[in-house]
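For the sequence shown, this note's numbering gives the first residue as 8, with consecutive numbering after it.
Below is one structure, written out as structure tokens; the observations come after it.
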Amino acid sequence: MPSDTKASIIDSIFSAKLPPELFERFAQFIRQRCGIRIDQAKQAMLEGRLRKRMRALGLPTFEAYADYLFNRKNGDTREIIHFLDTVTTNKTDFFREAPHFDYLRRSLLPEFMAQRDRRRVSTFRIWSAGCSTGEEPYSLAMVLNEFAEQNPAFSYAILATDLCVRALATAKAGIYDIDQLDDVSPEYRLKYFTAARTPDRRQLRVVPALREHVVFKRFNFITPVFPIRQPLQAIFCRNVMIYFDRPTREQLISRFIDTLAPGGCLFTGHSESLAGFLTGLTPVAAAVYRKPPH
């Protein structure tokens, strides 16, 4: 593409405005595909993110991008994945909302071991639902691995899922800038990270012994069948449900409860109260809800 043509397309992209009717079409498509609400207040955010995709495709207007996205004749269903990636938010940190990890360490894990024989469950299974770029499941893995070292009969498995393909690729690689590890203790940093084989010397990678305990999968919360084969002892779904409308949240919570083992716990974000939902769960700590043991 000639440089002057390319410059003209870029100028068109940055001067383009998203018409209200097209915004509504995009918003409805997002709700249908993954349950995420995009209201009018987020139009500027959507515009900014879609402009990056339009530039990558060389499409000068939002109308041209809509034609490309919705034209089934293109046969490029991958664009739907790219589109949904643009609207997902991947803000996370290691040991975010630290009291949750303290509760896991001090209460849930010791109790699981104390009642392990009665439950006839040998493996502590946990789901990081909305794992983003991997900081949460790897934080969980560090806590669980420390507990396993102190309790030889303990084993664990972590399922980590997200809608965003781009975020999952980062999570699977397990490579992070050293500045992202500010909330990881020096002991954990030394034990669970190693120098990454990248040109950037300020990057560290999660050690293989920890990565092998985490299975990453792409998953859409509005999919009818959850990827759970055995009951879970814990589900971390934090700062995710705020993006859904109430009926979607209600359905999601119900499905979470179905996948939890008796006595298992659902961890939510601190801004995601379950007040007003008929869950049968008992609050046991801030943003921690427990399923009855029987």
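Yeah, the Cβ is synthetic: ideal placement off N, Cα and C, and Gly gets one too.
Bear in mind that the values here come from a model prediction, so they are computed numbers and not experimental data.
Asked, Found
"Opposing strand residues paired with R56 [DSSP bridges]", "According to DSSP, which records beta bridges pairwise, R56 is partnered with nothing at all."
"CB of G55 within 9 Å of CB of L259, strictly", "no"
"Paired residues, beta bridge with I242 - DSSP", "W134 and L273"
"Closest Cα partner of I165 within the set V291, S146 and A294", "S146"
"Local Cβ density within 10 Å of K98, reported as buried at 16 or more and exposed below that", "exposed"
"Interface flag, D184 vs chain D, CB-CB below 9 Å", "Among the chains in the structure shown there is no chain D, since it carries only a single protein chain."
"Cα-Cα separation between A241 and L188, rounded to whole angstroms", "24 Å"
"Reference P215, options F36, T177, I235 and Y199, closest by Cα", "Y199"
"Segment contact, 8 Å Cβ cut-off, at least three pairs: the stretch 24-41 with the stretch 86-95", "yes"
"Nonlocal neighbours in the same chain, by C-beta distance under 8 Å from F266, ignoring five residues either side", "Looking at the sequence provided, one finds Thr at residue 266 rather than Phe. If we look at T266 and ignore the five residues flanking it on each side, its Cβ neighbours are W134, F233, I235, P238, L239 and I242."
"Span separating the alpha-carbon of G283 from that of D109", "27 Å"
"Y195 versus A294, M149, D207 and M120, residue with shortest Cα-Cα distance", "M149"
"Beta-bridge partners of I165, as assigned by DSSP", "I133 and V221"
"Whole-Å CB distance - A268 paired with V222, under 8 Å assumed", "Not confirmed; about 18 Å, so no contact."
"Complete runs of the alpha helix (DSSP H) confined to the stretch 44-116 [at least 4 residues]", "50-64, 69-77, 85-94 and 106-110"
"Reference A293; option with closest CA among F274, G287, L285 and P300", "F274"
"For L151 and F131, believed in contact at Cβ under 8 Å, the rounded distance", "7 Å"
"Short Cβ contact (9 Å threshold) for E104 with R245", "yes"
"V172 versus V247: straight-line alpha-carbon distance, rounded", "16 Å"
"Under the three-state DSSP convention, the category Q157 falls into", "helix"
"Alpha-carbon to alpha-carbon, V191 and P159", "24 Å"
"Close Cβ partners of E263 (< 7 Å) along its chain, the five nearest in sequence each way excluded", "According to the sequence displayed, residue 263 carries Phe and not Glu. For F263, where only same-chain residues beyond five positions count, the Cβ hits under 7 Å are I242, C244 and L273."
"Beta-carbon proximity check, L76 vs L25, cutoff 9 Å", "no"
"R297 - partner residues in DSSP beta bridges", "C272 and T289"
"Beta-carbon proximity of G276 to P299, cut-off 9 Å", "no"
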